[in-house]
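Only one structure is covered here, and it is reproduced in the block below.
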Amino acid sequence: MISRFKGSLLGVAAGDALGVPREGAVSLGEVRDISSRYTDDTAMTIGLAESLVECRGLDEEHLAMRFMCNYEREPWRGYGGGPPRIFHLMRNGAAWEEELDKRLYPGGSFGNGSAMRVAPVGLFYYCAPVEELREAVRLSSCITHSHPLAVEGAALEAYAVALAVNGEEKFLEKLEKFVGEDIFRSKIDKMKELLKSRPGKQEVVRELGHGIEAFNSVPTAIFSFLYCSSFEEALIYAVSLGGDADTIGAMCGAVAGAWWGEESIPSRWKDNLENRGYIEDLAGRLYQLVSRK
Ligand code: AR6
Ligand code: MG
1314 MISRFKGSLL
1324 GVAAGDALGV
1334 PREGAVSLGE
1344 VRDISSRYTD
1354 DTAMTIGLAE
1364 SLVECRGLDE
1374 EHLAMRFMCN
1384 YEREPWRGYG
1394 GGPPRIFHLM
1404 RNGAAWEEEL
1414 DKRLYPGGSF
1424 GNGSAMRVAP
1434 VGLFYYCAPV
1444 EELREAVRLS
1454 SCITHSHPLA
1464 VEGAALEAYA
1474 VALAVNGEEK
1484 FLEKLEKFVG
1494 EDIFRSKIDK
1504 MKELLKSRPG
1514 KQEVVRELGH
1524 GIEAFNSVPT
1534 AIFSFLYCSS
1544 FEEALIYAVS
1554 LGGDADTIGA
1564 MCGAVAGAWW
1574 GEESIPSRWK
1584 DNLENRGYIE
1594 DLAGRLYQLV
1604 SRK
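Going by this note's numbering, the first residue of the sequence shown is number 1314, and it counts up by one from there.
Here's what the structure looks like:
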């Protein structure tokens, strides 16, 4: 179990660092080696894990402050458009509870920024009732992403991580029962069709998307995990789809690492991962907390 926890968080960092050189790519090329730095996906995943460990559960206010402080320490991590503006508003006195993303986007942000960081919630709530997991995801998302489609994308990603930690054989069936919003439901239907054939990458991108929106990236990341038969293959595949490659890689890595465990991560990646020791330590502390619950 501890290997699955470590695999998931290291998986985020590996997918993120593998995808960096492919971010925004329209071609369907492959990369096989990770870059020396991870980006906001991993930085925010670390923030969420730190807050869960320190508060022994989800504390929105603590989490909002942790996100803000971690951003201020490393603003160069390649954050999306919204979150830095939200952290500036908070620093200047705006209340984090106000769903500040609604000031930036009508109805709030449906970017994938709350799904990309959510793996620690899936780990922490992996054997809790699904409603508890859903609620914790909602709280973690709304600080920067309050649009229902961002919340749903993050919930789907967290649940996928939880299912993977459990080694759930009825993975896709359970995901189907869990999903709420129509756009995600139709993507899961498409995913099932694609899994029956050997689709070209163009077709996968056309059907599932590879964009920055939660609904155009979370299903793609989960599909990449289901379509491939090892951690390494899944990550190389996810990132080869281009578009928001680092985030699709990170979200695929969270699930694939939880499924195949830490040992499945190639050592040429693990050995080059920035802050590997710290990330592993956080995963270990998260595991200790959960196993004592
Ligand atoms: N209406 C129209 N466009 C929207 C809306 C909306 N309601 N919400 C989001 N977008 P943001 P993130 C579009 O700014 O989700 C980093 O590179 C809009 O184009 O909330 O944290 C990470 O690695 C907006 O700019 O940021 C991830 O790849 C975009 O979605 C990514 O950024 C992102 O939403 C995460 O970004
Ligand atoms: Mg990205």
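Ideal placement from N, C-alpha and C gives every residue a C-beta, glycine not left out.
Nearest residue (CA-CA) to residue i, options the options
i: Ser1348; options: Leu1462, Met1403 and Leu1586; result: Leu1586
i: Cys1455; options: Glu1411, Glu1486, Lys1487 and Gly1480; result: Glu1411
i: Leu1507; options: Thr1457, Thr1533 and Arg1581; result: Thr1533
i: Thr1457; options: Glu1373, Ala1571 and Arg1369; result: Glu1373
i: Glu1343; options: Ala1441, Lys1514, Val1478 and Phe1536; result: Lys1514
i: Glu1489; options: Lys1500, Asn1479 and Gly1480; result: Lys1500
i: Ser1510; options: Gly1574, Cys1541 and Leu1602; result: Cys1541
i: Glu1526; options: Ile1549, Glu1545 and Thr1560; result: Thr1560
i: Met1564; options: Val1431, Asn1405 and Cys1382; result: Val1431
i: Glu1593; options: Ser1604, Arg1605 and Gly1570; result: Gly1570
Residue j beta carbon less than 8 Å from that of residue i
i: Leu1462; j: Phe1423; result: yes
i: Arg1390; j: Asp1353; result: yes
i: Ile1578; j: Gly1320; result: yes
i: Tyr1351; j: Ala1330; result: yes
i: Glu1528; j: Phe1484; result: The identity of residue 1528 in the sequence shown is Phe, whereas the question assumes Glu. No.
i: Ala1473; j: Val1568; result: yes
i: Val1366; j: Leu1602; result: yes
Supposed close pair residue i, residue j - CB separation, criterion 8 Å
i: Ala1362; j: Leu1322; result: 7 Å
i: Phe1380; j: Gly1360; result: 5 Å
i: Ala1377; j: Gly1435; result: The pair is not a contact, with the Cβ atoms about 20 Å apart (cut-off 8 Å).
i: Gly1522; j: His1460; result: The Cβ separation is near 16 Å, so there is no contact.
i: Gly1566; j: Gly1324; result: 3 Å
i: Ser1543; j: Trp1573; result: 7 Å
i: Met1504; j: Phe1536; result: 5 Å
i: Leu1371; j: Ala1449; result: 5 Å
i: Phe1400; j: Tyr1384; result: 5 Å
Beta-carbon contacts of residue i that lie in its chain and below 6 Å, excluding the five residues immediately before and after
i: Ala1558; result: Gly1332, Arg1335, Glu1336 and Val1552
i: Trp1582; result: Ala1327 and Ile1347
i: His1375; result: Ser1364 and Cys1368
i: Lys1415; result: Gly1421
i: Arg1451; result: Val1464
i: Ala1547; result: Ser1537, Phe1538, Cys1541, Cys1565 and Ala1569
Contact set for residue i: own chain, Cβ-Cβ below 8 Å, skip 5 residues either direction
i: Pro1512; result: Glu1520
i: Tyr1591; result: Ile1359
i: Ile1549; result: Leu1331, Glu1343, Val1344 and Arg1345
i: Pro1388; result: Pro1397
i: Arg1404; result: Met1381 and Glu1385
i: Gly1524; result: Ser1530, Gly1556 and Asp1557
Beta-carbon contacts of residue i that lie in its chain and below 7 Å, excluding the five residues immediately before and after
i: Ile1315; result: Gly1597 and Tyr1600
i: Ala1475; result: Gly1435, Tyr1438, Tyr1439 and Leu1446
i: Ser1305; result: With the chain represented from 1314 up to 1606, any question about residue 1305 goes unanswered, as that position is not in the structure.
i: Glu1575; result: Ser1316, Lys1319, Gly1320 and Leu1323
i: Glu1494; result: Pro1461, Leu1462 and Glu1465
i: Ala1407; result: Leu1413
i: Val1531; result: Asn1425, Ala1428, Gly1466, Leu1469, Glu1470 and Met1564
i: Lys1487; result: Leu1476 and Glu1481
i: Glu1545; result: Pro1579
Practice problem: Check whether the region 1455-1470 touches the region 1418-1432, taking contact to mean three or more Cβ pairs, one atom from each stretch, closer than 8 Å. | Solution: yes
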